[in-house]
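Residue numbers for the sequence shown, in the working numbering: 103 to 762.
The C-beta atom is built at its ideal place from N, Cα and C for all residues, glycine as well.
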Amino acid sequence: MSTDGTTRVLVDQGTFAVLAPDGDIRDAAGTSPEGLFLRDARHLSRWRLTAGGRALTVLTGGAGTAVLVLPGTRDEPSPFTVLRAQAVTAGALVERLTVLNNLPRPVTAELELLADADFADQFELRSDRRRYDKPGGVRQAAPHPAGVSFRYRRPPDWSAGTTVTADPPPDTVAPEAGAATAHRLSWRLRLPPHGSARIRVTARALAGGLLAVEDTAAGGAVLDPDAVRAHQARETAEFVGAAPGPADRADRTGLPGLAHAVRQGLTDLAGLRVPATGPDGEPLRVPGAGTPWFLTLFGRDSLLTSLFCLPYRPGQAAHTLAALAAAQGTREDPARLEQPGRIPHELRYGELAHFGQVPYGRYYGSVDATPLFLVLLQAYTEQTGDTATARRLEPHARAAVEWMFRDGGLRDRGWLVYRSDEQAGGLANQNWKDSAGAVCFADGTQATGAIAVAEAQGYAYDALRRTAHLAATVWGDPAWARSLDQAAADLRRRFPQEFWLAEADFPALALDGEGRRVDALASDAGHLLWSRLLDQGRAERVARRLLAPDFFSGWGIRTLASGQAPYHPLSYHRGAIWPHDNAVIALGMAVHGLAAEAREVAEALLSAARPHGWRLPEVISGYGRDVHPDPVPYPHACSPQAWAAATPLALLTATSPPGR
103 MSTDGTTRVL
113 VDQGTFAVLA
123 PDGDIRDAAG
133 TSPEGLFLRD
143 ARHLSRWRLT
153 AGGRALTVLT
163 GGAGTAVLVL
173 PGTRDEPSPF
183 TVLRAQAVTA
193 GALVERLTVL
203 NNLPRPVTAE
213 LELLADADFA
223 DQFELRSDRR
233 RYDKPGGVRQ
243 AAPHPAGVSF
253 RYRRPPDWSA
263 GTTVTADPPP
273 DTVAPEAGAA
283 TAHRLSWRLR
293 LPPHGSARIR
303 VTARALAGGL
313 LAVEDTAAGG
323 AVLDPDAVRA
333 HQARETAEFV
343 GAAPGPADRA
353 DRTGLPGLAH
363 AVRQGLTDLA
373 GLRVPATGPD
383 GEPLRVPGAG
393 TPWFLTLFGR
403 DSLLTSLFCL
413 PYRPGQAAHT
423 LAALAAAQGT
433 REDPARLEQP
443 GRIPHELRYG
453 ELAHFGQVPY
463 GRYYGSVDAT
473 PLFLVLLQAY
483 TEQTGDTATA
493 RRLEPHARAA
503 VEWMFRDGGL
513 RDRGWLVYRS
523 DEQAGGLANQ
533 NWKDSAGAVC
543 FADGTQATGA
553 IAVAEAQGYA
563 YDALRRTAHL
573 AATVWGDPAW
583 ARSLDQAAAD
593 LRRRFPQEFW
603 LAEADFPALA
613 LDGEGRRVDA
623 LASDAGHLLW
633 SRLLDQGRAE
643 RVARRLLAPD
653 FFSGWGIRTL
663 ASGQAPYHPL
673 SYHRGAIWPH
683 DNAVIALGMA
693 VHGLAAEARE
703 VAEALLSAAR
713 PHGWRLPEVI
723 SGYGRDVHPD
733 PVPYPHACSP
743 QAWAAATPLA
753 LLTATSPPGR
């Protein structure tokens with residue numbers, strides 16, 4: 103669950119709801135449109151509670167709770183109070199309204215719940231309501247005795263639905279004047295003196311897909327939020343409290359707040375797990391990237407999240423590896439950038455992806471997911487001793503290595519490279535800084551051509567070394583192991599010759615298609631410490647440079663050093679601060695024995711987490727402590743977000759001496 107003052111986010115098993123503080127869904131636009139979402143579709147777009155046609159006032163509330171009253175005065179306060187409890191479970195929003203009579207005489211309370219479902223695709227909402235053609239698409243609503251059902255169909259083969267069911271049934275269910283499908287459910291409750299009444303409502307989403315949605319009138323059992331929360335609390339406690347206990351270990355680091363941040367991160371990760379399937383169709387649960395825009399399997403995000411969690415929750419890595427192996431590329435498909443052996447960037451299930459109106463149904467535009475897959479496979483094997491998984495995934499690992507050499511560019515260009523897919527509706531940049539313009543020269547010009555970003559070379563080097571180790575120790579192929587080790591050594595030897603900016607004594611952000619050094623000073627250089635691509639001397643100089651005031655804000659390391667032309671403190675990848683980026687850097691500092699530097703990064707991030715209940719968001723604005731005494735939020739940040747939630751675990755690893 104997340105609370106940011108303007109919205110409440112409830113999330114469970116791939117379903118999430120973004121709600122106003124009073125629990126309503128107001129069909130609001132903006133950075134985080136409200137609604138009930140499942141598999142990239144909005145299954146509730148309006149959900150507004152009124153009393154006698156009047157809006158209710160929020161006295162207090164939190165994630166999934168609100169205390170509501172009619173507007174009143176000191177002399178004539180509200181005659182009744184509504185206690186609103188909400189929860190999200192797989193495919194459903196569950197609500198209970200408890201109405202308390204505040205008077206010593208009978209009171210009649212009239213409540214109305216306005217419901218609607220527009221089935222908007224998330225990509226419509228993310229693009230400020232950009233219009234996509236939906237030929238033949240039809241929305242319908244059908245009242246039934248216990249509520250209302252909404253249906254959406256688009257030929258030839260797409261359908262989705264939402265069914266609202268109440269107990270007790272509403273006294274009336276009527277269409278809303280002037281609305282295409284919205285309906286108002288109304289109750290007239292007779293409350294005894296100081297008595298109460300309860301209404302339970304369940305909105306059950308029927309995910310869009312190829313199969314026809316059944317027109318079930320009742321829509322299944324009406325659920326209770328307390329029962330849903332109790333079940334979720336047990337699952338969360340099992341995940342958070344499972345051995346080994348990182349929060350106990352965090353207490354021993356002496357870092358203020360780290361144990362709190364670890365517990366909050368694990369709690370968020372428990373809710374962000376989404377269903378997936380493995381190579382043999384086995385059911386899995388993997389970290390979805392984050393709400394509201396990315397609650398699905400993402401290659402890079404899920405892999406780094408699993409790497410951060412590996413010493414503490416290794417089972418998550420096993421699920422992530424299996425799910426990505428199942429989705430690994432097997433053919434050439436330029437529309438999706440699929441290539442044999444390539445690990446996907448993201449998987450989407452919505453209407454626009456299904457009809458090919460966006461390329462992200464199964465999209466492979468990531469230069470780094472494939473090497474990170476190999477890194478996680480070896481790290482998982484080393485951490486757990488589970489060689490069976492490594493043997494099972496050997497064909498997938500070999501295909502991934504071959505992709506790096508063939509289509510990835512290592513064989514012909516000497517580097518792992520990508521080209522912009524922006525013209526085809528995909529990503530301009532395919533590293534972790536994947537927004538347009540993120541890979542830029544110091545003057546702000548975007549790099550073009552076959553781009554070799556620095557951190558991807560580090561991942562490639564690490565992947566080659568680690569895969570060589572598996573080849574030698576698990577797969578019984580010493581000749582291939584020697585070949586991979588040689589390729590890794592050659593890459594490490596060439597990197598400073600091609601990437602090093604002599605005047606800045608710092609790595610270039612990238613090489614462009616003509617081999618020119620992209621000379622913006624960026625945080626990506628810190629990832630090279632983690633992958634061990636740099637020698638000790640260069641690693642120490644990079645670490646010190648990243649803690650200089652133009653990079654280090656006091657809340658973390660900026661994506662781009664301030665003072666450069668393209669720097670902007672509110673730019674997603676050209677000035678803002680990403681907790682996961684800082685976590686990778688801190689891990690790299692620890693690898694090189696720079697304990698004090700790693701601790702400084704950890705302390706900064708924990709200071710940023712404290713004002714938000716120890717939850718780190720996806721990204722923080724780049725303003726320093728000298729500008730504002732608190733971290734300035736980034737207005738479009740996802741929260742909760744998986745690799746930010748896993749960051750405290752990475753900080754624990756980076757700041758804990760071996761064996762503690």
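Query, Result
"So what's Glu-60 in DSSP terms, helix, strand or just coil?", "Outside the shown range of the chain (103 to 762) lies residue 60, about which nothing can therefore be said."
"In terms of residues, what are the limits of the alpha helix (DSSP H) holding Gln-548?", "First-last for Gln-548: undefined, no H or E at that position."
"With a threshold of 8 angstroms on Cβ separation, who are the neighbours of Arg-300 within its own chain once the five nearest residues in sequence on each side are excluded?", "Arg-198, Leu-199, Thr-200, Val-201"
"What residue range does the alpha helix (DSSP H) around Asn-533 cover?", "From DSSP, Asn-533 is part of no alpha helix (DSSP H); its letter is neither H nor E."
"Given a cut-off of 7 angstroms, decide if Ala-168 and Asp-223 are closer than it, judged by their beta-carbon atoms.", "no"
"Any beta carbon from chain C within less than 7 angstroms of Pro-681's own beta carbon?", "Here there is only one protein chain, and chain C is not present."
"Answer with buried or exposed for Val-240, where buried requires no fewer than 16 other C-beta atoms within 10 angstroms of its C-beta.", "exposed"
"If you compare alpha carbons, which of Thr-283, Glu-496, Leu-593, Ala-698 is closest to Ala-636?", "Note on identity: in this sequence residue 636 is Leu, with Ala being the wrong assignment. It is Leu-593 whose Cα lies nearest to the Cα of Leu-636."
"Grab me the residues of Cys-411's own chain with a C-beta within less than 6 angstroms of its C-beta, minus the 5 sequence neighbours each way, in chain order.", "Gln-418, Ala-748, Leu-751"
"Quick check: what's the CA-CA separation for Gly-715 versus Pro-135?", "23 angstroms"
"Taking 7 angstroms as the threshold (C-beta atoms), are Pro-247 and Val-209 in contact?", "no"
"Do you know offhand how far Tyr-725's Cα is from Val-734's?", "7 angstroms"
"In terms of residue numbering, what span does the alpha helix (DSSP H) encompassing Ala-502 cover?", "496-507"
"Quick check on the DSSP output: the beta strand (DSSP E) that includes Asp-114 runs from which residue to which?", "110-114"
"Below 7 angstroms CB to CB, which residues in the same chain sit around Asp-536 once its five sequence neighbours on both sides are set aside?", "Leu-529"
"Mind checking Glu-440: buried by the 16 CB within 10 Å criterion, or exposed?", "buried"
"Between the Cα of Ala-610 and the Cα atoms of Val-555, Gln-638, Ser-758, which residue gives the shortest distance?", "Val-555"
"So is Leu-121 buried or exposed if we call it buried at 16+ other beta carbons inside 10 Å?", "buried"
"The beta strand (DSSP E) spanning Gln-242 covers which residue range?", "240-246"
"Alpha carbon to alpha carbon, how far is Arg-415 from Val-576? Give it in angstroms, no decimals.", "23 angstroms"
"Could you compute how far the alpha carbon of Gln-743 sits from the alpha carbon of Arg-521?", "27 angstroms"
"By DSSP's criteria, Val-693 is part of a beta bridge. Which residues make up the other side?", "Answer is none; Val-693 lacks a bridge partner."
"Three Cβ pairs or more, each shorter than 8 angstroms: is that satisfied between the region 384-397 and the region 350-365?", "no"
"Nearest CA to the CA of Gln-532: which residue from Val-519, Thr-432, Ile-687, Ala-276?", "Val-519"
"Got a sec? Which residues, its chain only, sit under 8 angstroms from Glu-642 by beta carbon, not counting five neighbours each side?", "His-694, Leu-696"
"CB Gly-628 to CB Leu-648, shorter than 7 angstroms?", "yes"
"Is it buried or exposed for Gln-430, if we count other Cβ within 10 angstroms and need 16 for buried?", "buried"
"Assuming Gly-401 contacts His-447 under a Cβ cut-off of 8 angstroms, what Cβ separation, rounded to an integer in Å, is found between them?", "5 angstroms"
"Which of the three DSSP states, helix, strand or coil, is assigned to Ala-314?", "The predicted model places Ala-314 with a pLDDT of 38, which falls under 50 and marks its position as unreliable; any figure quoted below should be read in that light. It is coil, neither helix nor strand."
"Identify whether Tyr-254 lies in helix, strand or coil by the three-state DSSP scheme.", "strand"
"So if DSSP puts Phe-225 in a beta bridge, which residue, or which two residues, is it bridged to?", "Answer is none; Phe-225 lacks a bridge partner."
"What is the DSSP secondary structure of Thr-191, counted as helix, strand or coil?", "strand"
"How would you call Val-477, buried or exposed, if buried means at least 16 neighbouring beta carbons within 10 angstroms?", "buried"
"How would you write the range of the alpha helix (DSSP H) that Val-644 sits in, first residue to last?", "638-648"
"For the beta strand (DSSP E) that contains Pro-377, what are its first and last residues?", "375-379"
"Is it true that the region 268-284 meets the region 209-219, where meeting means three or more beta-carbon pairs spaced less than 8 angstroms apart?", "yes"
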